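So in our numbering, the last one in the sequence shown is 1020, and the numbering has no gaps at all. Think of the CB as a built atom: it goes at the ideal place given N, C-alpha and C, for glycine as much as any other residue. Please read all numbers here as calculations on a predicted model, not as lab measurements. Here's the structure, in structure tokens; my notes come after.
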Amino acid sequence: MFGLSLLLRRQRQYYAQLDQRGRCVALWELKRAPAGDNWARVTEINFRWIGAPLPRHALLPAQTVTSSQRWPLQHI
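Written out as structure tokens, the structure is:
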């Protein structure tokens, strides 16, 4: 039964938060896609990308996500 719960559990996904110039400012591991347009889904978390444009090999295709599936992040 434990093995089944591991298979049914949703995988976390990796996202890069981008500034207005398209440079990575933060990397996140989330269960749901974040709200907003300044996010890119990436293959992994690599801290060398912070402050730089994301390499093409790191980008994953965007998923179609409804607003109820998005994870709202708030700036403090």
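- Have a look at Glu973 and Ile994 and give me their C-alpha separation to the nearest angstrom. C-alpha of Glu973 to C-alpha of Ile994: approximately 15 Å in a straight line.
- Best match in Arg992, Arg976 and Ala996 for proximity to Gln964 [C-alpha to C-alpha]: That would be Ala996, whose Cα lies nearest to the Cα of Gln964.
- Can you list, in chain order, the residues of its chain whose CB lies under 8 Å from that of Leu962, leaving out five sequence neighbours each side? Cys968, Val969, Asn982, Trp983, Ala984 and Leu998, listed in sequence order.
- Query: What do you reckon, are the CB atoms on Gln986 and Ala1006 nearer than 8 Å?
  - Reply: Note on identity: in this sequence residue 986 is Val, with Gln being the wrong assignment. One thing to note: Val986 has its Cβ no nearer than 8 Å to the Cβ of Ala1006.
- Message: DSSP three-state label for Ala960, please.
- Response: The answer is strand: DSSP assigns Ala960 an E or B state.
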